[in-house]
Each structure stands twice: as C-alpha cells, then as structure tokens.
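See below for the structure under consideration.
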Amino acid sequence: MTAATRRTAGKIPFLVLMTAPLLAGCQHQDMTDTVTGWWHGFEGGEIAKLRAPPPGENLRYPHVGRTPTKAPDLPTPEARLSLTTQLEAQRNLAQRESAAQGALPTIPPPPKPAPATPATTADTEQSGMTMTAVGQPETPAPESPSAVNPAPNLPTEPPAAAPAPTPTPAPATKPAPAKKPAAPPPAPEAELPAVVTKSIPPTPPGEFPQIGDLPPPPPQFPGFDLPRDAMVSDPIRPDIDTSTPEGTLIRFQPATDHVAGNPQGEYQHIISQRGNQRLTIRGFGAFMSADAALAPADQNREIALGLLRARVVARALIERGVPASAIVLKAEAIGDGVRVTIGG
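The sequence shown lines up with residues -24 to -1, 1 to 320 when you count with mature numbering (1 follows the signal peptide of the UniProt record, and there is no 0).
Rendered as structure tokens:
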C-alpha cells in the first residue's frame, strides 16, 4: 500500500463520522420536508423556529382493553317508531294550526298628534285666567259711591220737594264667568279579595291524610248543555288529521315546484315496486309558510302549487317508462312535497 492510499484510507472514517449526525437529523423527513426546512431557515423569523411538542407527548398510551365491549342501551325499534310517529303528528298539527291562524296581521303605526292651533291656545289661556280655584273666596262686589264719599252734615230741616229724577238706563255689565266644576275624585284602586287561609289538621300516625275540598261543580244553565271539556284539564286538540300520508316522499323547495336534491333513488324504488299497478301522485302546497291560511283564495293557490309539483313527478316517471294512463294526479293545500302511492 502506497503512502497516498494510506492517507486516503485514514480520511474515510473521519468523513463517515461527520456525515452521521446529518443523516440522523434527516431520517424522519422526506425530500419535501428537508427542502421546506432549508427554505424556512433561510427566511428566518418565527417560521424558522422549532414547533412546540404536541400535548400529551410524554404520556402513556391508553389501554385498549378499557374501551366498552358492548353496545349502549338504546330504545327498541318499536319505541323509536312510536316516538317518530308522535313527532310526525306534532309536525302535522303545527302545520295545520299555522294555516288555520293565517298570516300575521300588519298593525298600522299610531297616528301622530295634531299640533295645537293659536286660537286653541288663546282660548286655553283665557279660560285659565277666568277660572276660580276651589276654596278661594269670591271677588267682593264693588262698593257704592256713597260709601266711598260720604255726604257732609246737613241741617235737620226737611228739604224742599225736588222733582223726581228721570230714570237712566243702567250700563250693561258683563256677567261673571261661570265657575268650572271641580274635578271628580280619583276612583279607588282595584283590590284583590282577601285571602282566607284554612289550616289542615295534623294527620295522626297510621292514618291517611284527609283529602281537601273538591273543586266546585260547573255552573248549570237551563236549556244549555255543558261542553265536553268543562271538567277536562288538558286542552282538546282540534279535529285535524295529524297522521303522516302514505307513500314515497319526494321533497321540493319551499313555495316552488323545483325538486330538492336528487330523487333518482326514489324514482327507481317506485318503478321497481309498481309492477302493473296504478300510481297515485298527491302533491301538497304550503310547507309551514308564513302566508299559509285556510281562506278559499289561499287554498286555491296552494292546491295549484300541489298540482304543479305532482306534474313534475309524473313527467319524471313517464320518462322512465311508466305509461301516462297509469298515473293519477291529486293535490291538497297543506303538506310536505309529493307522496307517490302504489295502487292508491
């Protein structure tokens, strides 16, 4: 081995030791992460700093055996079906009650108060000047001229007869203004009836407590029958069909005849279940809209919308091979989308 070869062989272990830390630092990074790290280090700042370790890095791994091994206790399918039926009935009842109440009324703004005219103001001032307060003494009458300027002392001899003076008309005097009647006293405030307390006697040991007084019976009127809800505590629901219509539901956008979503699956299900039977397509109008009502004009509008929705579904089924003679179109004012019934 020559001297040059010995010198080269001595440098190889040194180069391996120098590159080992570099390779160990990049063993968990791919080429993209390495180049990104170089670029971030070149930019500097916050992006070049090391990221904080994730929370719980030093914690022990959880035990897999502690996970639940059985399914949680859920209601039975029959109980879930009963709950779904109740929710559907409440939804249908809310729809029909909203339609029965109609749209919210528009309350006009209150009228603005009229400004006071100058004539009214002058009359008010004049009446205020001539009004006499309650309890204030009246204005004394003017004294006679003789009381103001008394006559001088004259002799006691009777004076000569003098001609009777000609009566002169007295000047017209302005009548005194009438007094304004006093304001009536304020009405007494309404008071609640006095509360009568009745003490309940203590119950001896071994005995049942006494039942309180029963509510009074409803009043009886001759010639009138008591309503059926006179003694019922819970309110009686109106006689409205709250059951969900049968058939496949196809949803529509509110107040339009545009289908919501993609009903291709529903169409295929209807065609596969049909066979040679007829199809009844029932379209519904209002879907909890603010202007839903039971007025004749509103019902006509919603029934027309239901027919338009039913016609859209009928055209889609005809395009898929269902004959037009096997389709019956119906419409109702209040409901949800379109229901397709086989043989109904």
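Yeah, the Cβ is synthetic: ideal placement off N, Cα and C, and Gly gets one too.
For this session: Please list, in chain order, all residues of the same chain as THR218 whose beta carbon is under 6 Å from its beta carbon, the five residues on each side excluded.
Result: The residue given as residue 218 occupies position 242 in the sequence shown. The answer, listed in chain order, is ALA65, ASN68, LEU69.
Exercise. Do you know how far the Cα of LEU168 is from the Cα of PRO195?
Worked result: Numbered from its first residue, the sequence shown carries residue 195 at position 219. Numbered from its first residue, the sequence shown carries residue 168 at position 192. Those two C-alpha atoms are separated by around 23 Å.
Exercise. Where does LEU190 sit, in a helix, a strand or coil, going by DSSP?
Worked result: Position 214 of the sequence shown, counting from 1, holds the residue named residue 190. Coil, per DSSP.
Exercise. In this structure, what does DSSP give as the bridge partners for VAL11?
Worked result: Position 35 of the sequence shown, counted from the first residue, corresponds to residue 11. Paired residues: none, contrary to the question.
Exercise. At what residues does the alpha helix (DSSP H) containing VAL289 begin and finish?
Worked result: Stepping through the sequence shown from its first residue, residue 289 is reached at position 313. Taken as a continuous stretch (DSSP letters only), the alpha helix (DSSP H) holding VAL289 covers 272 to 295.
For this session: Count the other C-beta atoms from every protein chain shown that fall within 10 angstroms of the C-beta of ASN238, then say buried if there are 16 or more, exposed otherwise.
Result: To locate residue 238, count along the sequence shown from 1; it is residue 262. Exposed, since its Cβ has fewer than 16 Cβ neighbours within 10 Å.
Exercise. Based on Cα-Cα distance, which residue from PHE18, PRO193, PRO89, GLY297 lies nearest to GLY251?
Worked result: Here residue 251 refers to the residue found at position 275 when the sequence shown is read from its first residue. Measuring from the Cα of GLY251, the nearest candidate turns out to be GLY297.
For this session: State the start and end residues of the unbroken alpha helix (DSSP H) segment that holds ILE247.
Result: Within the sequence shown, the letter at position 271 stands for residue 247. ILE247 -> alpha helix (DSSP H) spans 240 to 250.
Problem set entry | Collapsed DSSP secondary structure at GLU59 in the structure displayed | Residue numbering aside, residue 59 sits at position 83 when the sequence shown is read from its first letter. Rather than Glu, the amino acid found at residue 59 in this sequence is Leu. If DSSP states are grouped into helix, strand and coil, LEU59 belongs with the helices.
Exercise. Applying the criterion that 16 or more other CB atoms from any shown protein chain within 10 Å of the CB defines a buried residue, is PRO131 buried or exposed?
Worked result: For this step, residue 131 is matched to residue 155 along the sequence shown. Any answer about PRO131 is weak, because its pLDDT of 48 lies below 50 and its placement is not dependable; what the coordinates show is given next. Answer is exposed; the Cβ neighbour count stays below 16.
Problem set entry | Identity of the residue in LEU225, HIS39, PHE184, THR12 nearest LEU26 by Cα | Within the sequence shown, residue 26 is the residue found at index 50, counting from 1. Minimum Cα distance to LEU26 is reached at THR12.
Exercise. For ARG258, does the three-state DSSP call read helix, strand or coil?
Worked result: Residue mapping note: residue 258 aligns to position 282 of the sequence shown, counting from 1. The answer is strand: DSSP assigns ARG258 an E or B state.
Problem set entry | As assigned by DSSP and simplified to three states, the class of ILE23 | Along the sequence shown, read from residue 1 onward, the residue named residue 23 stands at position 47. Helix, per DSSP.
Problem set entry | Assigned exposure category for TYR243 - 16 Cβ within 10 Å defines buried | Position 267 of the sequence shown, counting from 1, holds the residue named residue 243. Classification for TYR243: buried.
Exercise. Anyone know if the C-beta pair for ILE246 and LEU293 falls short of 8 Å?
Worked result: One-based indexing of the sequence shown puts residue 246 at position 270. One-based indexing of the sequence shown puts residue 293 at position 317. For ILE246 and LEU293, yes; Cβs fall inside 8 Å.
Problem set entry | Cβ of ARG285 within 8 Å of any chain C Cβ | No chain C appears in this structure, which consists of one protein chain only.
Problem set entry | Environment of GLN71 [buried if 16+ CB atoms lie within 10 Å] | As a working mapping, residue 71 is identified with position 95 in the sequence shown. With 16 or more Cβ atoms within 10 Å of its Cβ, GLN71 is classed as buried.
Problem set entry | Cα-Cα separation, ILE216 to ALA170 | On the sequence shown, position 240 is the one that residue 216 refers to. On the sequence shown, position 194 is the one that residue 170 refers to. Approximately 44 Å, taken between the alpha carbons.
Problem set entry | Between the CA atoms of THR60 and PRO53 - distance to the nearest angstrom | Counting from 1 along the sequence shown, the entry for residue 53 is found at position 77. Counting from 1 along the sequence shown, the entry for residue 60 is found at position 84. One C-alpha to the other measures close to 10 Å.
Exercise. Helix, strand or coil for GLU183 per DSSP?
Worked result: Reading the sequence shown from its first residue, position 207 is the one you call residue 183. Coil, per DSSP.
Problem set entry | For THR108, three-class secondary structure by DSSP | On the sequence shown, residue 108 is found 132 positions in, with the first residue counted as 1. Reliability fails at THR108, whose pLDDT of 47 lies under 50, so the model's placement of it is uncertain and no value is given.
Problem set entry | Proximal residues to ARG277 (C-beta, below 8 Å), its chain only, five neighbours per side dropped | Taking the sequence shown and counting its residues from 1, one reaches residue 277 at position 301. Excluding positions up to five away in sequence, the list reads GLY261.
Exercise. To which residues of the same chain is GLN275 closer than 7 Å at the C-beta, ignoring the five residues directly before and after it?
Worked result: Position 299 of the sequence shown, counted from the start, is the residue given in the question as residue 275. Excluding sequence neighbours, GLN275 sits near ALA309.
Problem set entry | C-alpha gap between PRO85 and GLY78, whole angstroms | Residue 85 sits at position 109 when you count from the first residue of the sequence shown. Residue 78 sits at position 102 when you count from the first residue of the sequence shown. One C-alpha to the other measures close to 21 Å.
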